[in-house]
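Novice: Residue numbers (mature numbering (1 follows the signal peptide of the UniProt record, and there is no 0)): -19 to -1, 1 to 168. Note that the Cβ used here is the ideal one computed from N, Cα and C, for glycine as well. Just so you know, these numbers come straight off a predicted model, no measurement behind them.
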Amino acid sequence: MNFAALVLLALAMSTDAFAAAIGKGAAMQKPRFFQALRIGLLFGVIEAITPLIGWLIGSAASEWVSEWDHWIAFALLLVLGSLMVREGLSSEQEEEKAAPQNQSLLMLALTAVATSIDAMAVGVGLAFIDVNIVQASAMIGIATMVMVTIGVMLGRLLGGIIGKRAEVLGGVVLIGVGATILYEHLA
């Protein structure tokens, strides 16, 4: 996987956390930069750990599926991307409309874990291709930290307008990364 594909993957993995951060930022009263940065750091660390866990799981099974690895990575990314697009296009009522203004660390961590489950599945797929998992995980974590920090700061201004669009874009990018992996292995 080339560097450009890793950058796109990292950005795609951060979009659901970005959408959640906009909601968190909208629920907070005038979030300060250091509050946003702390939330971004929490999300980024969790988002960086989950692909490593997924990669370890996928590596344990890689010798049995080495002939099909590119198809597995493509299928996982296609499914995850499609789910993100569907979620982004759904017309749900506003979530957390009556959310408390100050979020506890535990609630923020649980939100971060919930938004990073897809990164674990991506980590499973990455175990079947030639990729530096430490570099990929670090890029995912950094992108998530930056996107969440920005999301919290923008949340008060933008509310739910951008959140769903970011998730749709992230899903499309995941599908594109999966198609690129498949193309590289079949070409």
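Buried or exposed, going by whether 16 or more other CB atoms sit within 10 Å of the CB of K11?
Specialist: Mapped onto the sequence shown, residue 11 falls at position 30. K11 comes out exposed.
Novice: Just how far apart, CA to CA, sit F24 and L18?
Specialist: Locating residue 24 in the sequence shown gives position 43, counting from the first residue. Locating residue 18 in the sequence shown gives position 37, counting from the first residue. The straight-line gap from Cα to Cα measures roughly 10 angstroms.
Novice: Measure the C-alpha to C-alpha separation of Y164 and I156 and round it to an integer number of angstroms.
Specialist: Counting from one through the sequence shown, the residue named residue 164 turns up at place 183. Counting from one through the sequence shown, the residue named residue 156 turns up at place 175. Whole-angstrom Cα-Cα distance: 12 angstroms.
Novice: For a quick check, are the C-beta atoms of residue 204 and A7 less than 7 angstroms apart?
Specialist: Since the displayed the chain opens at -19 and closes at 168, residue 204 lies outside it and no answer follows.
Novice: Since I believe V112 is in contact with G35 (beta carbons under 8 angstroms), could you give me their beta-carbon distance rounded to a whole number of angstroms?
Specialist: Translated into the one-based positions of the sequence shown, residue 35 becomes position 54. Translated into the one-based positions of the sequence shown, residue 112 becomes position 131. In fact, because the Cβ distance is near 12 angstroms, the residues do not count as touching under 8 angstroms.
Novice: In chain order, what residues of the same chain lie with their CB nearer than 8 angstroms to the CB of L(-12), ignoring the 5 residues before and after it?
Specialist: Position 8 of the sequence shown, counted from the first residue, corresponds to residue -12. Around L(-12): V154, G157 and V158.
Novice: When the Cα of G152 is compared with those of G122, G69 and M9, which residue comes out closest?
Specialist: As a position in the sequence shown, residue 152 is number 171, starting the count at 1. Out of G122, G69 and M9, G69 has the C-alpha closest to the C-alpha of G152.
Novice: Given L99, which residues of its chain have a CB within under 6 angstroms of its CB, disregarding the five upstream and five downstream residues?
Specialist: The count along the sequence shown starts at 1 and reaches residue 99 at position 118. For clarity, residue 99 is Asp in the given sequence; the question names Leu instead. L61, listed in sequence order.
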